[in-house]
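Chemist: Below you'll find the structure I mean.
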Amino acid sequence: MTAASSSKPPLTVPAASSFARVSLLVYTLLIVYASWYPFSGWRDMGLGPFDYLWSRLPYYWTGFDIWTNIAGYAPLGMLLVFAMHPRIAPAWAIWPATAAGVLLSACMEAVQTYLPTRVPSNLDLLTNSAGAFAGALLGAACSRYFLQESRFLSMRRRWFSGEASRGLVVAGLWPLALIYPQNHLFGLGHLVPPLLAFFSDLLDTPIDLATTWINNAQLSAEQYWLADVIVTACGLTGAALLLLLLLRKQAPRRALVMFYLLGCIAVKSLACALFFAPQNAFVWGSASSAGGIVIGAMMVTGLSFAPPTAQRRLAALALIISLAVTNAVPANPYYISTLETWVQGKFLNFDGAAQFLSVLWPFLAIWFLYHPVHRKQK
5 MTAASSSKPP
15 LTVPAASSFA
25 RVSLLVYTLL
35 IVYASWYPFS
45 GWRDMGLGPF
55 DYLWSRLPYY
65 WTGFDIWTNI
75 AGYAPLGMLL
85 VFAMHPRIAP
95 AWAIWPATAA
105 GVLLSACMEA
115 VQTYLPTRVP
125 SNLDLLTNSA
135 GAFAGALLGA
145 ACSRYFLQES
155 RFLSMRRRWF
165 SGEASRGLVV
175 AGLWPLALIY
185 PQNHLFGLGH
195 LVPPLLAFFS
205 DLLDTPIDLA
215 TTWINNAQLS
225 AEQYWLADVI
235 VTACGLTGAA
245 LLLLLLLRKQ
255 APRRALVMFY
265 LLGCIAVKSL
275 ACALFFAPQN
285 AFVWGSASSA
295 GGIVIGAMMV
305 TGLSFAPPTA
315 QRRLAALALI
325 ISLAVTNAVP
335 ANPYYISTLE
345 TWVQGKFLNF
355 DGAAQFLSVL
365 WPFLAIWFLY
375 HPVHRKQK
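In the working numbering, the protein residues as written are 5 to 382.
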């Protein structure tokens with residue numbers, strides 16, 4: 005071997021994207037939940053699970069249904085292409101990604117045969133498949149910007165720690181979890197309503213522990229105000245510290261956290277405008293939520309100088325406090341009246357996934373904060 009050849013740098017093998025693969029898993033679970041929501045009333049109508057394939061196309065459909073089905077499966081196709089890298093080149097990954105999307109949609113529609121509130125549809129299968137194919141095409145076209153040695157990947161390596169992929173998925177789910185209306189601005193993890201609905205359906209009798217255990221407590225306006233401040237401040241602190249733990253010291257940490265929080269507020273406002281009414285975009289705003297945001301911002305600013313171990317423990321503690329207060333405090337009458345105006349209708353699928361995510365997110369974040377894999381120093 006010559007000196008010239010020995011001086012050549014070793015070839016680097018492209019690495020798989022953990023972020024894409026974890027995101028694909030989470031998004032697939034959300035599709036499953038949204039497709040089978042509300043998971044009750046299962047029955048056998050004497051139809052085969054795939055009989056819908058040979059039925060006539062539905063007589064009634066809207067452009068909204070078509071576009072939401074396409075938009076719902078497009079991210080799946082894109083994530084499938086990214087997740088197959090580098091084992092399968094993006095251009096070739098279009099076809100297995102599309103096939104996987106078709107298979108998933110066919111299974112989702114088949115199981116809906118046994119749900120009384122859902123109707124399996126071959127039109128939904130066609131539009132979902134079109135969405136997966138469009139997403140796969142888009143993923144292949146954008147792969148050079150997100151995979152291999154792209155500028156985006158270079159920025160990710162420069163700003164985020166090497167073990168940040170799973171944490172980025174958790175952080176990215178927070179604004180989506182906030183879409184579903186909560187008793188408090190950042191009061192995620194409200195377990196009482198879904199648990200009561202589950203056990204009532206399981207035992208075939210109404211169970212109202214909320215009345216006997218929680219709602220019998222009559223809180224004053226000042227106590228509701230204090231609970232709202234605590235939950236908002238702790239929820240904001242836990243999410244912001246989680247993001248800080250993913251960032252390297254040379255990253256613009258405070259600017260990124262500020263942009264993250266503003267983006268979450270924007271998503272929350274857009275959801276309120278879409279599901280309630282445009283004039284209610286800022287219905288989440290109140291004196292107590294504003295106070296919680298100010299207190300949470302002050303806590304995050306001070307704790308941004310703390311060592312990572314302290315940040316991790318305090319983030320978990322803040323989320324645990326938020327969970328405890330959210331589930332212990334009776335539902336605010338104003339929140340109950342607001343939830344009654346929540347527009348499901350065409351958004352039934354999305355409503356189920358949004359509620360599921362709002363309940364799951366704090367537990368997912370606490371798992372991430374305590375998992376030993378994510379405790380490595382940056």
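Every residue, glycine too, gets a C-beta built ideally from N, C-alpha and C.
1) Nearest to F68 by alpha carbon, out of T131, L195, F164?
2) Between which two residues does the alpha helix (DSSP H) holding A114 run?
3) Are there three or more Cβ pairs, one per stretch, closer than 8 Å when the region 35-46 is compared with the region 118-135?
4) Quick one: is R25 buried, meaning 16 or more other Cβ sit within 10 Å of its Cβ, or exposed?
5) Are G242 and S326 touching if we call contact CB-CB under 8 Å?
6) From which residue to which residue does the alpha helix (DSSP H) around E226 run?
7) Can at least three beta-carbon pairs, one atom from the region 267-279 and one from the region 172-183, be found at a separation below 8 Å?
8) So if DSSP puts F164 in a beta bridge, which residue, or which two residues, is it bridged to?
9) Put A285 into one of helix, strand or coil per three-state DSSP.
10) Can you tell me whether D48 is buried or exposed, with buried defined as 16 or more other CB within 10 angstroms of its CB?
11) Would the beta-carbon of V261 fall within 8 Å of that of A244?
12) In the DSSP assignment, find the unbroken alpha helix (DSSP H) run with F3 in it and report its ends.
13) For the region 312-329 against the region 360-374, are there 3 or more C-beta pairs whose distance is under 8 Å?
14) If V363 and G193 are in contact, beta carbons under 8 Å, what's the gap, nearest whole angstrom?
15) Output the distance between the C-alpha atoms of L250 and M112, rounded to the nearest integer angstrom.
16) Taking buried to mean at least 16 other C-beta atoms within 10 Å of its own C-beta, is S21 buried or exposed?
17) Between the beta-carbon of T102 and the beta-carbon of G76, is there less than 8 Å?
18) Where do the ends of the alpha helix (DSSP H) carrying N132 lie?
19) Is DSSP giving Q55 helix, strand or coil here?
20) Could you round the C-beta distance between I98 and V106 to whole angstroms and report it? I think they count as a contact, below 8 Å.
21) On the criterion of 16 or more Cβ atoms from any shown chain inside 10 Å, does W71 qualify as buried, or is it exposed?
Modeler: Quick look at the numbers:
1) T131
2) 94-115
3) yes
4) buried
5) yes
6) 225-250
7) yes
8) L251
9) coil
10) exposed
11) yes
12) The structure shown does not extend to residue 3, since the chain spans only 5 to 382, so no value can be given for it.
13) yes
14) 6 Å
15) 35 Å
16) buried
17) no
18) 126-150
19) Before going further, note that residue 55 is Asp rather than Gln in the sequence given. Of the three classes helix, strand and coil, the one that applies to D55 here is helix, per DSSP.
20) With a Cβ gap of about 13 Å, I98 and V106 do not count as contacting.
21) exposed
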